[in-house]
Amino acid sequence: MKRIGMLTSGGDCQALNATMRGVVKGLSNNIQDLEVYGFEEGYKGMIYGNYRLLTSKDFSGILTRGGTIIGSSRQPFKLMRVPDANGLDKVEAMKQNYYKLRLDCIVILGGNGTQKTANLLHEEGLNVIHLPKTIDNDIYGTDLTFGYQSAIDIATQCIDCIHTTASSHGRVFIVEVMGHKVGWLTLNSGIASGADIILLPEIPYDISKVCEAIDKRHTGGKKFTILAVAEGAISKEMAKMDKKERAKEMEKMLKQYPSVSYKLADDITKKTGYEVRVTVPGHTQRGGTPDAFDRVLSTKLGAYAAQLIEKEEYGYMVATVNNTIKKVKLEECAGKLKMVDPHDQTVELAKSIGISFGD
Ligand code: F6P
């Protein structure tokens, strides 16, 4: 007999359902009596005791369904130790709900912030398994997160579509790609779609270098230029600022422009005179069905998590390391960010075929 809790927290992605299905199929295939409690809307459900008993029917037919059957919400880690408006101790409340349901463990699907709270619950004595979800692929300790490859496909398709219209009109196009503070999604969708310029948070750009790259293409006879720009891309000037100064500058910029891409577009037009258009695919990158790669990855991660639960091995993230599914101790990865190394081989090889990173 096993009683497990499950929750999906933070921004959603395509393969959350596929991963939960993997866990439950793995367990129900090997354990006679299994009870799965799904907490609604992430940690919120665990704090306020909103949960429902899920049956195998709930996990049937969801391999290809995006979103999450138990909902998600953002519950910032930094507020976990802060009582809610009614003075409720959130961590204590989560522990009480865990004990009330007599859970053997809680399976937590989420990104960086979610993982920090998962580690906190582990430190508080709960049995925790974390499954790394995010389109950003920024979780330290795993080469891959589920959702990432599906998001690459969507961002790539978006830039592919821009390609045809850009060539008709001879314009400069910016496609702003998600990724929060890291550039993995932009880097790989940019390469996959043949973007000419790729701007990442990890490689601050010099606007003169960006304009030079556009000019070089135009003088070389190309009528259009496509930039894949990470939503967290920053200029060299901003990168030099300290945290406080940068935040102030960012606030000022966001009063004038909806996002970094619009500021960049304005700067390019002012410097070169070219007509620039901005496309922001936004949350479409997290939507729709998981791609084949993610379905396989999620099934493997889920099945491995089920094995850990059977063996009662807790306090781990299930990770992909060098193409192998492994367990990684939560305390070794929680609170760390996996960023693109500016000298990553992918970056270097992209540069070698003429892609500009604006540096
Ligand atoms: O972490 C996933 C992500 O999609 C980031 O790429 C993006 O910065 C953020 O979430 C958007 O968050 P929200 O859905 O809360 O607007």
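Quick note, the sequence shown lines up with residues 26 to 384 if you use my numbering. Just so it is clear, CB atoms sit at the ideal spot from N, CA and C, and this is done for glycine as well.
For V353 and K50, the rounded distance between their alpha carbons: 22 Å
Applying the criterion that 16 or more other CB atoms from any shown protein chain within 10 Å of the CB defines a buried residue, is V107 buried or exposed? exposed
Length at least 3, wholly inside the region 159-240: the beta strand (DSSP E) runs in chain order: 197-202, 222-224
Per DSSP, which one or two residues make a beta bridge with R99? None; R99 has no bridge partner.
Just checking, does the region 108-122 make contact with the region 326-334 on the three C-beta pairs under 8 Å criterion? no
Under 8 Å by Cβ, that's how I've got G135 and T33 pegged, so tell me the actual separation to the nearest angstrom. 7 Å
Three-state secondary structure assigned by DSSP to V346: strand
So A253 and I160 are in contact, right, with Cβ under 8 Å, and what is the actual spacing, rounded? Contact flag wrong, Cβ pair sits at about 15 Å.
Answer with buried or exposed for N213, where buried requires no fewer than 16 other C-beta atoms within 10 angstroms of its C-beta. buried
Buried versus exposed, by CB contacts within 10 Å (16 or more), G298: exposed
If you measure from the CB of G204, is any heavy atom of ligand 1 nearer than 8 Å? yes
Best match in H368, S97, E357, T142 for proximity to N42 [C-alpha to C-alpha]: S97
Any 3 or more C-beta pairs closer than 8 Å across the region 168-182 and the region 232-242: no
Rounded distance between the beta-carbons of A255 and P226, thought under 8 Å: 6 Å
How about D11 and M26: are their beta carbons less than 9 Å apart? Only positions 26 to 384 of the chain appear in this structure, which leaves residue 11 out of reach.
Cβ pair count under 8 Å reaching 3, the region 358-369 against the region 80-92: no
When DSSP labels each residue in this structure, what does M278 get in the three-state scheme? helix
Span of the beta strand (DSSP E) around F64: 59-64
Helix, strand or coil for H368? Go by DSSP, reduced to three states. coil
The alpha helix (DSSP H) spanning R46 covers which residue range? 41-53
With distances taken Cα to Cα, identify the nearest neighbour of N55 among I380, K363, L362, E335. E335
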